[in-house]
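Going by the working numbering, 42 is the number at position 41 of the sequence shown; the sequence numbering is gapless.
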Amino acid sequence: MTVPVFRFAPSPNGHLHLGHAYSALLNRQMARASGGRLLLRMEDIDRERCTPELETAMQEDLHWLGLDWETPVRRQSEHFGVYRDVLDRLIRMDLVYPAFLSRGDIKREMQKATAKGLIWPHDPDGAALYPAIDRTISKRERQRRMDGGQPFSWRLHMDRALEQAGEPLFWHETADGGSDIAARPQDWGDVIIARKDMPTSYHLSVVIDDALQGISHVVRGRDLFHATGIHRLLQHILGLQPPVYNHHRLILDHDGQKLSKSRRDTSLRSLRAAGMTRDGVVSLVGLTPQP
Numbered sequence: 002m003t004v005p006v007f008r009f010a011p012s013p014n015g016h017l018h019l020g021h022a023y024s025a026l027l028n029r030q031m032a033r034a035s036g037g038r039l040l041l042r043m044e045d046i047d048r049e050r051c052t053p054e055l056e057t058a059m060q061e062d063l064h065w066l067g068l069d070w071e072t073p074v075r076r077q078s079e080h081f082g083v084y085r086d087v088l089d090r091l092i093r094m095d096l097v098y099p100a101f102l103s104r105g106d107i108k109r110e111m112q113k114a115t116a117k118g119l120i121w122p123h124d125p126d127g128a129a130l131y132p133a134i135d136r137t138i139s140k141r142e143r144q145r146r147m148d149g150g151q152p153f154s155w156r157l158h159m160d161r162a163l164e165q166a167g168e169p170l171f172w173h174e175t176a177d178g179g180s181d182i183a184a185r186p187q188d189w190g191d192v193i194i195a196r197k198d199m200p201t202s203y204h205l206s207v208v209i210d211d212a213l214q215g216i217s218h219v220v221r222g223r224d225l226f227h228a229t230g231i232h233r234l235l236q237h238i239l240g241l242q243p244p245v246y247n248h249h250r251l252i253l254d255h256d257g258q259k260l261s262k263s264r265r266d267t268s269l270r271s272l273r274a275a276g277m278t279r280d281g282v283v284s285l286v287g288l289t290p291q292p
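Pasting the structure below:
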């Protein structure tokens, strides 16, 4: 019998808040209920904002919540070579291309479209889709620009990726009773897969890590629900076994907004300093305290 494997995967670029506490505790609760394992992963590809000090603080907060996990902890910053190998594979498959447009360039393209009465498409998070201009640049011109040091990102050629997939994609969602959800990666356009100075992105590294760690159950916030379409597409292209997903409710602030690491009043460290107990935090996020 296969043992379920869960993971809690924060980015150590700030202190944990109540939303993180809920997600971590829910992962532990579901792992325990299924007789599964719980892993901790640090998604620290942003080396400017993610620091060892913040990771230490996160682990202290998680221990205070009563969580334990298997060791060693996987740190994405220690596996850039793995991500580079997969990126090279996507380059050889001609499924990614170097994209050179700056934010200002994109804005100007949007203004041109607006002047013609066109509506510029946006992704599920509300960001403008990337123009398809760089898709048509010749390989020689691309290489000239890259050799010249022009900034660029590697973007997924969504049309080719969908053609490569060749079939409708789904994921199994266990939240709200369970159902199969149709994946819509096309809603995101040509997403960033890696950057010039960093051979990965959140989308690429999370898919690779889940596969390498044998994650069977991904339990994460509802804010990543639609992004799962991108992950399913990458999993299919790379021949990776998909996990099942549970996108849980978000813990919101008094204004109904998603909590942010910049909000100190909701950080676990601030709540601890104010006298909040571990059971108090568990109850505050709507769970039942467990031994």
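We put the CB at the ideal spot given by N, CA and C, even for glycine.
- Between A10 and L66 a beta carbon distance of about 16 Å is seen, past the 8 Å cut, so the two are scored as non-contacting.
- With a cutoff of 8 Å on beta-carbon distance, A162 and L234 are scored as near each other.
- In this chain, the alpha helix (DSSP H) harbouring N28 covers 19 to 35.
- Two segments are said to touch when three or more pairs of C-beta atoms, one from each, lie closer than 8 Å; by this definition the stretch 114 to 127 does not touch the stretch 70 to 90.
- Rounded to whole angstroms, the gap between the alpha carbons of E164 and A183 is 16 Å.
- Going by DSSP, R48 is part of no beta strand (DSSP E) at all; its letter is neither H nor E.
- The C-alpha of L55 is placed about 22 Å away from the C-alpha of H204.
- Between the stretch 139 to 156 and the stretch 185 to 201 there are three or more C-beta pairs closer than 8 Å, enough to call the two in contact.
- Of all alpha-carbon atoms in G118, R270, T229, H248, the one lying nearest the alpha-carbon of A176 is that of H248.
- The alpha carbon of W70 has as its nearest neighbour, out of G82, D47, A32, I107, the alpha carbon of A32.
- Considering only F7, P13, M2, G20, the residue with the shortest C-alpha distance to T267 is G20.
- For S180, the uninterrupted beta strand (DSSP E) run begins and ends at 180 to 183, by DSSP.
- Cβ atoms of A133 and I107 stay farther apart than 8 Å, at about 12 Å.
- Under the three-state reduction of DSSP, H249 is assigned to strand.
- The closest CA to that of S103, considering only V97, L96, Q151, S271, is found on Q151.
- Taking C-alpha positions only, I216 is separated from M147 by approximately 36 Å.
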